[in-house]
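What follows is a set of notes on a single structure, which appears directly below.
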């Protein structure tokens, strides 16, 4: 079952090694697609060579169809894949700005890396600019935070929004893309004629074979819908696993956002103080029926005021793992929100534990605990590899 | 010989790229990125110059806070691979061109380089604001059908077409 890293088939170091290999594959392909040259890239925006559109959408369609087929036959657990969250205004404004930067610089960030690899000075300078722009954003973060966090729609994908199965959507995207490719080729000839340039002369035979292959693979994906694997398991009695406050703090700080955290205390208490990122119950839904409707793409963490909180029946209808915070909010308060005391007997393990707790305390409260007594240099708490979308 | 003569057919290149991305999903469960590594290198550099300022910054805390090493990240290793892959690709196509600057006949090298930096600044800012760029948002998120990634992607094209007439001299 894949994804292998998420299912624990290999660890952090192996992941880093694969990062280099996959990066080489990515860079090599981009270079041979012609994306190491600014003029080839920006020709997209002058209409007479739509290579960017063609490469990008055939890549998306390939991956989407591939995941649909492999998900359908049970090779990949689609619910474990990281879906970038949707923030509407940042997507619109950030996308527009990125497009402007792209045509001004001649590269997008990934292709600037490739151009730098080919030795192109403009690629290297575009990278320098990107670094500067990133810092600029960080320094302006305080006034921009509202704009950064606004219009958060959560981790939504079209499968959930439209309620259509993945392979069906994949076929739809493939058909749309192929229509787009024919339109692009028509536009290329039109704009080339108008500008006195030449439209690209790619082999129509190769193109037709690729299109045929994509449609064939989409059809395979549709066939997987007939397999019994896809049936949802019937509602079983609720099984929960405990999670300690510190482990929950780690998961939240790692920023993976792969958890739904739900506060089972009364809405008023919850609104006053809760675990960061937790959802409160609402007065309209006292039995927390909404738990059953959460998309099971993440695990669920429940907590009450203290140990032994009564769990709502709807949690058993949630389609993914359910964790219960050990000791409830009281444990969260004493472990994470309370400043940890430096260890009296500073063994390396105690110092490491203390530093871990103070890091969490600092993260969640914004205040620093005194430094640990110096004894042995503990290694920093290793974070799991940051998940995608970070770009 | 034309420098583009070793370019793959765009649809074949697209499928190849899609297979690399698919492999990344099967192995890691997340996708590829383009700008995160540049951000991390920049933050690491700034951290060397002014450690207190950077650590006190709430946005940079995700890279250097709590003693984190900004280089200890999947995206850094992946970006190193992308550069290596770029070198291998350019070498295999006989087009390693150190110091080359791609521009049209109606502009100077210097103006082109200045615009490369300027465009880069805009992109660096935009990629952080949108939580990803054409690689990490549009391509990677788009292929798992994320709604925001598709919106982002559409507006990348909108922005490109809006700005293209203003920088035409640079390219044509």
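Residue numbers (our numbering), protein chains in the order written: chain A, -7 to 383; chain B, 48 to 219.
Note that CB positions come from ideal geometry on N, CA and C, so glycine has one too.
Keep in mind that this is a model prediction, so the values were computed, not measured.
Listed by position along chain A, the residues whose Cβ is nearer than 7 Å to that of residue 71(B) are 14.
Of the candidates 302(A), 287(A) and 219(A), the residue whose Cα lies closest to the Cα of residue 258(A) is 302(A). Three or more beta-carbon pairs separated by less than 8 Å link the stretch 107 to 126 of chain B to the stretch 82 to 90 of chain B, which places the two stretches in contact. With fewer than 16 neighbouring CB atoms inside 10 Å of its own CB, residue 95(B) falls in the exposed class.
Buried is the label assigned to residue 190(B), since at least 16 other Cβ atoms lie within 10 Å of its Cβ.
With 16 or more neighbouring CB atoms inside 10 Å of its own CB, residue 324(A) falls in the buried class.
The Cβ neighbour count for residue 178(A), taken over all protein chains shown within 10 Å, is under 16; the residue is labelled exposed. Contact of residue 353(A) with chain B is not assigned, every C-beta pair being separated by 8 Å or more. In this structure, the beta-carbon distance from residue 235(A) to residue 317(A) falls below 8 Å.
Runs of the beta strand (DSSP E) lying entirely within the stretch 178 to 262 of chain A and spanning at least 3 residues, in chain order: 232 to 235 and 251 to 255. For residue 346(A), the enclosing alpha helix (DSSP H) stretches over residues 340 to 357. Contact check for residue 63(A) and residue 143(B): beta-carbon distance about 40 Å, past the 8 Å limit, so the pair fails to qualify. Listed as beta-bridge partners of residue 146(A) by DSSP are 78(A). Interface residue (Cβ-Cβ distance to chain A less than 8 Å): residue 155(B) is not classified as such. A residue is called buried when at least 16 other Cβ atoms come within 10 angstroms of its Cβ; residue 193(A) does not meet this threshold and is exposed. Annotation for residue 67(A): no alpha helix (DSSP H) segment contains it, and DSSP assigns it neither H nor E. In this model, residue 135(B) and residue 50(B) are separated by some 15 Å (Cα to Cα).
The shortest C-alpha to C-alpha distance from residue 282(A) to any of 262(A), 266(A), 261(A) and 256(A) is the one to 256(A).
Boundaries for residue 18(A): no beta strand (DSSP E) harbours it, while the alpha helix (DSSP H) harbouring it runs 4 to 22, taken from the DSSP string.
Here residue 159(A) is buried, its C-beta having at least 16 other C-beta atoms within 10 Å. Using beta-carbon distances, residue 150(A) counts as an interface residue toward chain B, with a partner under 8 Å. Closest option to residue 326(A), judged by alpha-carbon separation, among 246(A), 238(A) and 200(A): 238(A).
Put simply, the backbone Cα of residue 254(A) is about 11 Å away from that of residue 321(A). Proximity to residue 176(A) across 168(B), 58(B) and 163(B) peaks at 58(B), based on C-alpha coordinates.
Along the stretch 280 to 293 of chain A, none of the residues has a CB nearer than 7 Å to a CB of chain B. For residue 193(B) against residue 78(A), the beta-carbon gap comes to about 7 Å, under 8 Å, which counts as contact. Residue range 282 to 285 is occupied by the alpha helix (DSSP H) that includes residue 282(A).
Per the DSSP secondary-structure output, residue 271(A) pairs in a beta bridge with 254(A). Between the alpha carbons of residue 30(A) and residue 121(B) lies a gap of roughly 27 Å. Put simply, the stretch 198 to 207 of chain B does not touch the stretch 119 to 128 of chain A. Fewer than three CB pairs are less than 8 Å apart. Counting of Cβ neighbours within 10 angstroms places residue 190(A) among the exposed residues, the total staying below 16. The shortest C-alpha to C-alpha distance from residue 204(A) to any of 93(A), 136(A), 166(A) and 344(A) is the one to 166(A).
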